[in-house]
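As structure tokens, the structure follows; a few thoughts come after it.
Protein chains: 2
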Amino acid sequence: MQSETIENYLKTIYHLSAGNSTIVNNKQLADKLKVIPATVTEAVKKLHELKLVIYEKSYGTRLTSSGSKMALNIVRRHRIWETYLANELGFGWDEVHEIAEELEHIKNDKLIKKLSEKLGNPSFDPHGDPIPDEKGKIQKSNFIKLSEAKLKNSYKIMGVTDHSTAFLKYLEKHQLIIGASINIKTIEEFDNSITLICQKKEVSISPKAAESIIAETL
Amino acid sequence: MQSETIENYLKTIYHLSAGNSTIVNNKQLADKLKVIPATVTEAVKKLHELKLVIYEKSYGTRLTSSGSKMALNIVRRHRIWETYLANELGFGWDEVHEIAEELEHIKNDKLIKKLSEKLGNPSFDPHGDPIPDEKGKIQKSNFIKLSEAKLKNSYKIMGVTDHSTAFLKYLEKHQLIIGASINIKTIEEFDNSITLICQKKEVSISPKAAESIIAETL
DNA sequence: TTATTATTTTTGGCTAACCAAAAAATTAAT
DNA sequence: ATTAATTTTTTGGTTAGCCAAAAATAATAA
Numbered sequence: 127m128q129s130e131t132i133e134n135y136l137k138t139i140y141h142l143s144a145g146n147s148t149i150v151n152n153k154q155l156a157d158k159l160k161v162i163p164a165t166v167t168e169a170v171k172k173l174h175e176l177k178l179v180i181y182e183k184s185y186g187t188r189l190t191s192s193g194s195k196m197a198l199n200i201v202r203r204h205r206i207w208e209t210y211l212a213n214e215l216g217f218g219w220d221e222v223h224e225i226a227e228e229l230e231h232i233k234n235d236k237l238i239k240k241l242s243e244k245l246g247n248p249s250f251d252p253h254g255d256p257i258p259d260e261k262g263k264i265q266k267s268n269f270i271k272l273s274e275a276k277l278k279n280s281y282k283i284m285g286v287t288d289h290s291t292a293f294l295k296y297l298e299k300h301q302l303i304i305g306a307s308i309n310i311k312t313i314e315e316f317d318n319s320i321t322l323i324c325q326k327k328e329v330s331i332s333p334k335a336a337e338s339i340i341a342e343t344l
Numbered sequence: 127m128q129s130e131t132i133e134n135y136l137k138t139i140y141h142l143s144a145g146n147s148t149i150v151n152n153k154q155l156a157d158k159l160k161v162i163p164a165t166v167t168e169a170v171k172k173l174h175e176l177k178l179v180i181y182e183k184s185y186g187t188r189l190t191s192s193g194s195k196m197a198l199n200i201v202r203r204h205r206i207w208e209t210y211l212a213n214e215l216g217f218g219w220d221e222v223h224e225i226a227e228e229l230e231h232i233k234n235d236k237l238i239k240k241l242s243e244k245l246g247n248p249s250f251d252p253h254g255d256p257i258p259d260e261k262g263k264i265q266k267s268n269f270i271k272l273s274e275a276k277l278k279n280s281y282k283i284m285g286v287t288d289h290s291t292a293f294l295k296y297l298e299k300h301q302l303i304i305g306a307s308i309n310i311k312t313i314e315e316f317d318n319s320i321t322l323i324c325q326k327k328e329v330s331i332s333p334k335a336a337e338s339i340i341a342e343t344l
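For the record, the sequence lines run as chains A and B.
The first sequence runs 127 to 344 under our numbering.
The second sequence runs 127 to 344 under our numbering.
Structure representation (structure tokens):
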């Protein structure tokens, strides 16, 4: 098996199993990897041979510890590159994912180390997603996208992932300031729009906006 | 044909034909690409179909103008990355080639543009090799490696490609200072060692040293 | 529990890129 | 101009990664 193929499978399994080695099935993988399930069957068999996953016929697949280690490393490379592209080269956050999908496959530990150092060895990318360290250790954060916020909880607005002027104007208009504390009042059932209290005022924001706001759980 | 395969063939043909569309033969290509000649035969036929090269049976292959354009672009990407790795990330000049071999295949014009800008849009890499611009135009330089120097000619020492302390000490000992003007007195037939006049003193240097010194033709 | 639906696996087939060995063509040497 | 050496091409075969369609299995609903 080609190393890039392996990496793409492991990474996808990792994401689908949400880090906690939940079993993933072939259809999920096929959808994400844009291949048909038959192809996945073949692949996971080979990955099982390589002891990177445990594949049980007609049941599902999960990462072994060495598969997980490898997946974590790919995630690290991906997020370091994304952060680098955004912070050092001035790419928009919407552009970096696609480029990082390619860059993540360049396996040169020293390169990732240098990039990481230049960035100050961050533990989180601008999305708020954690960057695994060299050993694969993930620092768990209390950062979330506002779209994942829970009713009644309090948060502090920490940043945004959309830097368009349109969005920044939107925030200004609604008086959503970075650093402000907020409390979730309602989450609409039918469209997931959120009503929150910010600086004593009640503000309602769209799900799209909530998706672009990073907040810290208080 | 896979784009990476195409790129590797075009780049290799470009280098072997020294930029001036000299005909290259299959064995040369096979050697450089680490495949057997039969594989090259197959490949150049396909590249001919794609109108990227002109392949004449049992005779040889040369780039078409669109093939050449593509090759120049790959060379550009390679050298931009090399320069970036060396100048911005602090890699040694001996390390960058290998990494750039992978990075050069990431096709994202904006990425190369940003890297180039950050470097001040250089026309030459630290080797003294020219970096083609976006349109493929190459600025021809009067920089050479001292190992390519010609008898009786005068040069100015512009830099080195080996930054080891051992080499820098060697230069110091022989009083070869950056910026100094030199004149080539003799080039030994049997071992290519060079005797030159520098600051009125006669200095003899090894071919290995000459390989690491960049000089400007005066 | 049987039928229906969905998922998974098997089977047969394809293409790209490679190699080994044989055959053909070219080039060099006597 | 023949022979010898080299290079090139052809032929047959391999592996990785993919797909389509059929068969097997599992899950869901009636």
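Where is the CB? At the ideal position from N, CA and C, for every residue including glycine.
Note on geometry: alpha-carbon atoms of B/Ile257 and B/Ile340 lie some 16 Å from one another.
Within the segment 220 to 233 of chain B, Ile225, Glu228, Leu229 and Ile232 place their CB atoms closer than 7 Å to a CB of chain A, listed in sequence order. Check the Cα spacing between B/Asn279 and each of B/Asn134, B/Asp259, B/Thr312 and B/Tyr140: the tightest is with B/Thr312. Residue-level contact check: B/Leu245 does not touch chain A, since none of the beta carbons of chain A fall below 7 Å from its beta carbon. In the DSSP annotation of this structure, the continuous segment of the alpha helix (DSSP H) that includes A/Ser129 starts and ends at Ser129 to Leu142. Identification of chain B residues near A/Lys240 by a Cβ-Cβ cut-off of 8 Å yields Leu215, Gly216 and Phe217, ordered along the chain. For a cut-off of 8 Å, the C-beta gap from B/Glu208 to B/His231 is around 14 Å, too long to register as a contact.
For A/Ala169, the number of other beta carbons within 10 angstroms of its own is at least 16, and it is reported as buried. Between the alpha carbons of B/Ala335 and B/Ser129 lies a distance of about 38 Å. In this structure, the CA atom of A/Glu337 is about 22 Å from the CA atom of A/Ile225. Chain-ordered, the chain B residues with CB closer than 7 Å to the CB of A/Leu237 read Ile225. Within the model, the alpha-carbon separation for A/Asn151 versus A/Pro252 is close to 31 Å. In terms of Cα proximity to A/Ser191, the closest of A/Lys183, A/Leu178 and A/Trp219 is A/Leu178. For the segment 141 to 228 of chain A, the continuous alpha helix (DSSP H) assignments of 4+ residues that do not extend past its boundaries occur at 152 to 159, 163 to 175 and 191 to 213, in sequence order. Non-local beta-carbon contacts of A/Glu342 in its own chain, meaning distances under 7 Å to residues more than five positions away in sequence, involve Asn268, Phe269, Tyr281, Lys282 and Met284 in chain order. In the displayed model, A/Pro256 falls within a strand according to three-state DSSP. Proximity to B/Leu136 across B/Ala164, B/Lys172 and B/Ile162 peaks at B/Lys172, based on C-alpha coordinates. Distance from the Cα of B/Pro333 is smallest, within the candidate group B/Glu315, B/Phe217, B/Ala164 and B/Lys244, for B/Glu315. Between A/Ile200 and A/Leu241, the C-beta spacing is not below 7 Å. CA-to-CA, the gap between B/Ser147 and B/Thr287 works out to about 28 Å. Under DSSP, no beta-bridge partner is assigned to A/Glu314. Listed as beta-bridge partners of B/Leu322 by DSSP are B/Ile310 and B/Val329. Annotation: the continuous alpha helix (DSSP H) that includes A/Ser242 extends over Asp235 to Lys244. DSSP lists A/Ile340 as the bridge partner or partners of A/Gly285. By a beta-carbon distance limit of 8 Å, B/Ile310 contacts B/Lys276. Their separation comes to about 7 Å. Apart from the 5 residues on each side of it in sequence, A/Phe293 sits with its Cβ closer than 8 Å to the Cβ of Val286, Ala335 and Ser338 in its chain, given in chain order. Taking each of A/Leu272, A/Lys153 and A/Asp157 in turn and checking the Cα distance to A/Thr321, the smallest one comes out for A/Leu272. Counting every other CB atom within 10 Å of its CB across the protein chains shown gives B/Leu344 a total below 16, marking it as exposed.
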